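Q: Chains as they are written, first to last, in the numbering used here: chain A, 1 to 112; chain B, 1 to 118. Using N, Cα and C, we set each Cβ at its ideal position, and we do this for glycine too. All values reported here derive from a predicted model rather than from experimental measurement.
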C-alpha cells in the first residue's frame, strides 16, 4: 500500500529558528513529490514540487530535498517567522497526471 | 497562478437534506478535477476524480450514490452530498489540473467548503 507519513505531527519553535519537516513514503517509485501549505480552514498552496529525477528545490527561505532510494523528503525552513505558522503537507504522485497521496501534515507554530 | 474557486465556502444543513458544492477553474480549462475530504487534524483523502464529459472515478470506500459528481463543462465540477448525515460533516476541497503546456502536473486547489450537518 502506498502511504505517506509526516513527522512530527506538530512543532512549535521560536521566531528565527531554522527547522526541518520530514516526509517519508513507502513506495519509492514516485513520479514527483510536492510540499503544500494549508492555513486553518483554507485550501492548499503549493510551495515546492520536486521531480523524481531531482534532488532538491529551493524557493526563498524554503528548501525541499528528495531521496528516492530511502523514501524520504525534507522541507527546510530558514529563519522562521510567525507568518510561517500553518500546516505543511507533503504529497506524492506515482504517475504523470495521477492522484496525489497526502501525508497527515505537520502543524507548525512559530512564536514571536 | 491559476485560480480555483469553491462555492459555498460554508454550509450548514439539516440531516437528510442534499447539499451541492461547486468547483470552478477561473482562468484555465480543467478536463480533470479532484474532490478531497479532510476531517479535523487529518490529511486530505481523495474521494473521486472527475473528468469532463464522463463519469467520475471513485476511490475505494466512497459511495458513488451518496456523493454525486458532475463535470459538465471544462471549468465546472459539482459535488452533491445526498441525504447528508452528521458523519458527512467535513471540509471538502477540490482541485483542478491545468493541462496547458508546462503545467500538466500541477493541481490548483480551491479554498474548501466547510459542511456541517445537524
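Could you tell me the distance, in whole angstroms, from the CA atom of residue 29 of chain B to the CA atom of residue 23 of chain B?
A: 12 Å
Q: List, from N- to C-terminal side, the beta strand (DSSP E) runs of 3 residues or more that fit wholly inside the segment 3-56 of chain A.
A: For the segment 3-56 of chain A, whole beta strand (DSSP E) runs of length 3 or above, ordered along the chain, are 4-7, 10-14, 19-25, 32-38, 44-51.
Q: For residue 31 of chain A and residue 69 of chain B, what's the separation of their Cα atoms in angstroms?
A: 27 Å
Q: Over what stretch of residues does the beta strand (DSSP E) that includes residue 95 of chain A continue unbroken?
A: Secondary structure note for residue 95 of chain A: it is in no beta strand (DSSP E), with a DSSP letter that is neither H nor E.
Q: Just to confirm my understanding: we take residue 106 of chain B, look at its own chain, exclude 5 residues before and 5 after, and list those with CB closer than 8 Å. What are they?
A: Here the set comprises 2, 97, 98.
Q: Please find out if some non-hydrogen atom of the ligand PLP comes closer than 6 Å to the beta-carbon of residue 1 of chain A.
A: With respect to small molecules bound, the structure shown includes none, and the ligand PLP cannot be examined in it.
Q: Pull up the distance between the alpha-carbon of residue 62 of chain B and that of residue 35 of chain B, whole angstroms please.
A: 11 Å
Q: Indicate whether residue 65 of chain A and residue 74 of chain A have their beta-carbon atoms separated by less than 7 Å.
A: It is a contact, given that the beta carbons lie within the stated cut-off.
Q: For residue 197 of chain B, I'd like the list of residues in its chain whose CB is within less than 7 Å of its CB, leaving aside the five on either flank, ordered along the chain.
A: The structure shown does not extend to residue 197 of chain B, since chain B spans only 1 to 118, so no value can be given for it.
Q: Cβ closer than 8 Å: which chain A residues qualify as neighbours of residue 111 of chain B?
A: 42, 43
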